[in-house]
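Contents: one structure, followed by commentary.
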Amino acid sequence: MRMTVLAVHIVAASLGIVSGYVALYVAKGATLHRTSGRLFVYAMVTMSLLGVLISAAWSVSPATNIPVGLLTAYLVMTALTTVLPRGAGSRRLDLGLMLVALAVGLFMLDFGVQVVNGGKRHGIPAFPFFIFGTVALLGSAGDLRMLRSGVLDGASRLSRHVWRMSVALLIAALSFTVQLPKYLPASLRIPALLALPMLAVLVTMVYWLWRLRSRRSSRPTVVAARHAALVTEVA
C-alpha cells in the first residue's frame, strides 16, 4: 500500500513539474497553455495531498511536509478558480481556501519562531518556515481583498493567477532540487546548476508580473487620452 501511494505521488510530481514548465513558457491563452495548466493543477493537487497523507500516516517530517503540501494545493486551486467562471459555491470555496492558507501561514510562522529559539527541527533552519508562512499569509490576504471587493478582472486577475501558479511550481522545483543530488554523481552536484530550475521559474514570474503591472499602470493614461480626444471632438 505504501509503495503504491508513493509511486502515484512520484508520478504526479513528475507530471506536475513537466506540465508546469510547459504552461509557463508556451503562448498564454493557447490550447496547449490551458491543457498543460489544468494538468499541472490536477497533478499538483494529487501530489500535494498524497504527500500530506504520506507524511501524516508514516511520520515523514510532518511539521514541514503537511503545511507545505497544503500550501501547494491551496496555491494551484486558487490559481485555477481565479480564471474559471464564477459559480454558486465559488464564494464559499474561496472562503474555505482562505482559512486554510491563514492557518498554514500562522502555523509556519509560529514554527519558525520556535526554531529560532530552539535551533533546527529535522535539520531545517527557520528561514524556509518564514518564507512559506509569509507566502500563505499573503495569499490569504489577497483572498480577503477579493472577497470584499468582488471578482477580479483584467491585469489584477491575471497577476493573481500567475504568481500562485508560479510559486506552486517553484515549490515543486525546490523539492525536486533537494532530492536530485541523491541520484547524481559528486561531479554534477553543482549548486549553481541545481538552482537553475528554480531561478528560471522566479525570473519568468517576475517578468510576467512586471508586464501585467505595466499594463495596469498604463491603462488610466490610455483611458484619459481617449477621454481628452473625445472632449476635443465634441468641442
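Numbering (this note's numbering), first residue to last: 4 to 238. Where a beta carbon is used, it is the ideal one built from N, C-alpha and C, also for glycine. Note that the coordinates shown come from a computational prediction; the quantities given were computed from them, not determined experimentally.
When secondary structure is reduced to three states using DSSP, I13 falls in the helix class. Positions of the beta strand (DSSP E) runs, each at least 3 residues long and wholly inside the segment 72 to 131, cannot be given because no such run exists.
Following the DSSP letters along the chain, one finds V55 inside the alpha helix (DSSP H) bounded by residues 34 to 61. Cβ contact annotation for T85 (same chain, cutoff 8 Å, sequence separation greater than five): L155, R160, R163, H164, R167, in chain order.
Distance check between M201 and each of M4, V14, I20 places I20 closest, using alpha-carbon atoms only. Per the coordinates, the alpha-carbon of S39 lies some 28 Å from the alpha-carbon of L187. Per DSSP, the unbroken alpha helix (DSSP H) holding P194 starts and ends at 194 to 197. With 16 or more other Cβ atoms inside 10 Å of its own Cβ, M111 counts as buried.
Looking only at I193, G157, L199, A195, the smallest Cα-Cα distance to A176 is reached by L199. About 4 Å separates the beta carbon of A15 from that of M50, a gap short enough to meet the 8 Å contact definition. Between the alpha carbons of R94 and L150 lies a distance of about 7 Å. Taking all protein chains shown into account, L215 has 16 or more neighbouring C-beta atoms within 10 Å of its C-beta and is therefore buried. With contacts defined as CB atoms closer than 8 Å, T207 and L27 qualify as a contacting pair. Cβ neighbours of F114 within its own chain (closer than 7 Å, five residues either side excluded): A66, F132. Rounded to the nearest whole angstrom, the C-alpha separation of W61 and T75 is 20 Å. In this structure, DSSP gives A176 a helical state, which the three-state scheme calls helix. For L155, the three-state secondary structure derived from DSSP is coil. The shortest C-alpha to C-alpha distance from N68 to any of S190, R218, G54 is the one to G54.
Between the beta-carbon of F43 and that of V79 there is about 7 Å, and that keeps the pair under the 8 Å contact cut. Excluding residues up to 5 positions away in sequence, V8 lie with their Cβ nearer than 8 Å to the Cβ of L56 in the same chain. Cβ-Cβ separation between V138 and P128: approximately 17 Å, too far for a contact (criterion under 8 Å).
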